[in-house]
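Novice: One structure coming up, written as structure tokens, with questions to follow.
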Amino acid sequence: MTESAALLSDLCDLISLQVDPATMPESPYLGLEHLEPGRLRATGFGRASDATSLKAAFEPGDVLYGKLRPYLDKAVLADRAGVATTELLVLRPKLDVSPEYLACVVHSPAFVEFAMQGVTGAQHPRTSWAHIRTFEVPAHDRSEQESIAKLLWSLFDLSMTTEQGIATASSLKRAAMQQLFSRGLRGEAQKETEIGQIPESWELVPLGQLGRIGNGSTPKRSTGAYWDGGTFPWLNSAKVYDRDIRDADQFVTDVALKECHLPVLEPGAVLVAITGQGKTLGNAAVLSIRATINQHLAYLQTELEKAEPKFVRAYLETQYEHLRAVASGGGSTKGALTCGFLRGMTVPRPPTIIEQQEIAEVLDVLDRKIELLGRKRDVLDRLFKALLHKLMTGEISVDDVDLSALPSIDGTAA
-7 MTESAALLSD LCDLISLQVD PATMPESPYL GLEHLEPGRL RATGFGRASD
43 ATSLKAAFEP GDVLYGKLRP YLDKAVLADR AGVATTELLV LRPKLDVSPE
93 YLACVVHSPA FVEFAMQGVT GAQHPRTSWA HIRTFEVPAH DRSEQESIAK
143 LLWSLFDLSM TTEQGIATAS SLKRAAMQQL FSRGLRGEAQ KETEIGQIPE
193 SWELVPLGQL GRIGNGSTPK RSTGAYWDGG TFPWLNSAKV YDRDIRDADQ
243 FVTDVALKEC HLPVLEPGAV LVAITGQGKT LGNAAVLSIR ATINQHLAYL
293 QTELEKAEPK FVRAYLETQY EHLRAVASGG GSTKGALTCG FLRGMTVPRP
343 PTIIEQQEIA EVLDVLDRKI ELLGRKRDVL DRLFKALLHK LMTGEISVDD
393 VDLSALPSID GTAA
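Numbering follows the numbering used here, in which position 305 of the sequence shown is assigned residue number 297; successive positions increment by one, without gaps.
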């Protein structure tokens, strides 16, 4: 270790005090589920009364570090006293160390990598205090620590404020969708139907009445004639997250289009993920390019004189949970939607294309707001991670950084 470096053990002590949560049932409880990767603050708390067995006690200003699967990058600064799972190491900053700075240290990419080098256990890899205590960081006095922490925490708080804006806009969109699909744009009288209340002038139709429905396939990867030099876009279910699909990552050849079950889809097709891991199944997107798809996607090649594709997508978004419930088949974790189900699925339809387009335009405004905020959050997150790495390795100093162009938390220039 050089004279200009400090060990993690120079910055903090491990606190090993354990308590019975039954003796303090009203105290906050922190489990790994309350920590999100890369976040400096907990996303919530449980209650000690819900915990069993001995738990780690912590105080305000302690840093709680997740030793299980350290690649998950879970660590938070405690803003109150409480108890925590013993999967969290309680690190108490020394008197001359900024708690906010210490929280940043254990989120640095170099620290995460170092922690991984000391894991044991194949099924449940854990690092240890004995290992991470030897991690080296550039030595900074308290004033320098506070300057670094202030800069990084300001970026983090701005990112979290932006994320809250996304949540607010998303909530507004959900409320708008509920209103639009039950009352329309003109607040007309309603009628009761099998899918709930809809505007009196609207009708219910099977989705299959709005266009052709089918799915695609995956050409054999071992057949070079299907893939080598391919130029025609081929999409998998991950692309539904784009919502408006304007490009592709993979391409097939004309030979594949002729010999395999690959529909040639035109712009305006609505795609639905009919299988998928995690949250994929049930998501919908509108195609803005000519493309083909794999077997995990279904398509509605919309007849544009009958339906506005973005209106159809918007309604399918309101049915996300229903689609997933149908796919699960009463409990299966490997369920799927079928093209047959989608053809018969009942959807509401306004009497004119113009009204469908107007509704789609209203929702587009909210979608653009959400998309813009999402891009802003992503930029802030990348900037936070880049500066965290460079500041913690000593590659740059706070004086080298100018964030004056960024908005502050209240929306003004920083």
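Built from N, CA and C at the ideal position, the CB exists for glycine as well.
Grouping DSSP H, G and I as helix and E and B as strand, with all else coil, what is T407?
Specialist: The structure shown has nothing for residue 407, since the chain only spans -7 to 406.
Novice: Between the region 199 to 210 and the region 289 to 300, do at least 3 Cβ pairs fall closer than 8 Å?
Specialist: The region 199 to 210 is in contact with the region 289 to 300.
Novice: Which same chain residues end up closer than 6 Å to L334 when comparing Cβ atoms and leaving out the 5 residues on each side of it in sequence?
Specialist: Result list for L334: L199, I205 and A290, in chain order.
Novice: For T338, does the count of other Cβ atoms within 10 angstroms reach 16, so buried, or fall short, so exposed?
Specialist: Exposed, since its Cβ has fewer than 16 Cβ neighbours within 10 Å.
Novice: Assign E18 to buried or exposed, taking buried as 16 or more other Cβ atoms, counted over all protein chains shown, within 10 Å of its Cβ.
Specialist: Looking at its Cβ environment, which holds fewer than 16 other Cβ atoms inside 10 Å, E18 is exposed.
Novice: Leaving aside the five residues before and after G119 along the sequence, list all residues of the same chain whose C-beta is less than 6 Å from its C-beta, in chain order.
Specialist: The sequence shown places Thr at residue 119, rather than the Gly named in the question. Closer than 6 Å at the Cβ level, and outside the excluded window around T119, lie K59, P62, A107, G110 and V111.
Novice: Which one of N275, I281, K86 and S163 has the shortest CA to CA distance from A261?
Specialist: Residue I281 is the option with its Cα nearest to A261.
Novice: If you draw a straight line from the alpha carbon of Q156 to that of D234, how long is it in whole angstroms?
Specialist: Spanning the two alpha carbons is a distance of roughly 21 Å.
Novice: Between R316 and A276, how many whole angstroms is the CB-CB distance? I'm expecting something under 8 Å.
Specialist: No, R316 and A276 are not in contact; Cβ-Cβ is about 12 Å, not under 8 Å.
Novice: Using a Cβ-Cβ cutoff of less than 6 Å, which residues in the same chain neighbour D5 once the five nearest sequence positions on both sides are dropped?
Specialist: Cβ within range, chain order: R84.
Novice: Excluding the five sequence neighbours on either side, which residues of its own chain have a C-beta within less than 7 Å of the C-beta of T310, listed in chain order?
Specialist: Contacts found: M169 and F173.
Novice: Relative to the C-alpha of N286, which residue among F303, E297, A299 and I266 is closest?
Specialist: That would be I266, whose Cα lies nearest to the Cα of N286.
Novice: Beta-carbon separation of Q137 and V89 under 9 Å?
Specialist: Cβ distance < 9 Å, so Q137 and V89 count as in contact.
Novice: Identify which residue in I140, D359 and P343 has its Cα closest to the Cα of L177.
Specialist: Selected option, being the one with the closest Cα: P343.
Novice: Helix or strand or just coil, what does DSSP make of A317?
Specialist: Here A317 sits in helix by DSSP.
Novice: According to the neighbour-count rule (16 or more other Cβ atoms, all chains shown, within 10 Å of its Cβ), is R341 buried or exposed?
Specialist: Buried, since its Cβ has 16 or more Cβ neighbours within 10 Å.
Novice: How big is the Cα-Cα spacing for I237 and L379?
Specialist: Straight-line Cα distance between these residues: approximately 32 Å.
Novice: According to DSSP, what are the bridge partners of P85?
Specialist: Answer is C4, bridged to P85.
Novice: Hey, how far is the Cα of D391 from the Cα of V247?
Specialist: Between D391 and V247, the C-alpha separation is close to 59 Å.
Novice: Roughly how many angstroms separate the alpha carbons of E350 and Y307, rounded to a whole number?
Specialist: For E350 and Y307, the distance between alpha carbons rounds to 14 Å.
Novice: To the nearest angstrom, how far is the alpha carbon of F50 from that of Q115?
Specialist: Looking at the two C-alpha atoms, the distance is approximately 28 Å.
Novice: Please classify A76 as buried or exposed, where buried requires at least 16 neighbouring CB atoms within 10 angstroms.
Specialist: Per the 10 Å Cβ criterion, buried.
Novice: Hey, could you find the ends of the alpha helix (DSSP H) T154 is sitting in?
Specialist: Element bounds for T154: R134 to R175.
Novice: What are the boundary residues of the alpha helix (DSSP H) that T185 is part of?
Specialist: Here T185 belongs to no alpha helix (DSSP H); instead the beta strand (DSSP E) covers Q182 to T185.
Novice: Taking the continuous alpha helix (DSSP H) assigned at F376, which residues delimit it?
Specialist: First-last of the alpha helix (DSSP H) with F376: I345 to M384.
Novice: Secondary structure at D394, three-state DSSP: helix, strand or coil?
Specialist: If DSSP states are grouped into helix, strand and coil, D394 belongs with coil.
Novice: Am I right that T154 and L395 are in contact with their C-beta atoms under 8 Å? What's the rounded C-beta distance?
Specialist: With 8 Å as the limit, T154 and L395 do not qualify as a contact, their Cβ atoms being about 15 Å apart.
Novice: Please state if the CB of C96 and the CB of L32 are separated by a distance shorter than 9 Å.
Specialist: In this structure, C96 lies closer than 9 Å to L32 by Cβ.
Novice: Which residue or residues does DSSP assign as beta-bridge partners of K47?
Specialist: Partner(s): V11.
Novice: Report the rounded CA-to-CA distance for V357 versus L164, giving the unit in angstroms.
Specialist: Cα to Cα, the separation comes out at about 11 Å.
Novice: Going by C-alpha to C-alpha distance, which of P225, V55, K271 and K142 sits closest to L249?
Specialist: Comparing Cα-Cα distances from L249 to each of P225, V55, K271 and K142, the minimum goes to P225.
Novice: Which complete beta strand (DSSP E) runs does the region 187 to 270 hold, if anything under 3 residues is left out?
Specialist: Qualifying beta strand (DSSP E) stretches, in chain order: 188 to 191, 195 to 198, 203 to 207, 224 to 227, 242 to 244 and 262 to 265.
Novice: Going by DSSP, what residue range makes up the beta strand (DSSP E) through Y291?
Specialist: From DSSP, the beta strand (DSSP E) with Y291 extends over L289 to T294.
Novice: Since L143 and V393 should fall inside the 8 Å C-beta cutoff, what is the C-beta to C-beta distance between them, to a whole number of angstroms?
Specialist: Going by Cβ atoms, the distance from L143 to V393 rounds to 6 Å, so yes, they are a contact pair.
Novice: Spatial neighbours of R185 within its chain, please: C-beta separation below 7 Å, excluding the five flanking residues on both sides.
Specialist: Here residue 185 turns out to be Thr, not Arg, going by the sequence shown. Contacts found: L196.
Novice: From which residue to which residue does the alpha helix (DSSP H) around A306 run?
Specialist: Per DSSP, A306 belongs to the alpha helix (DSSP H) from P301 to T310.
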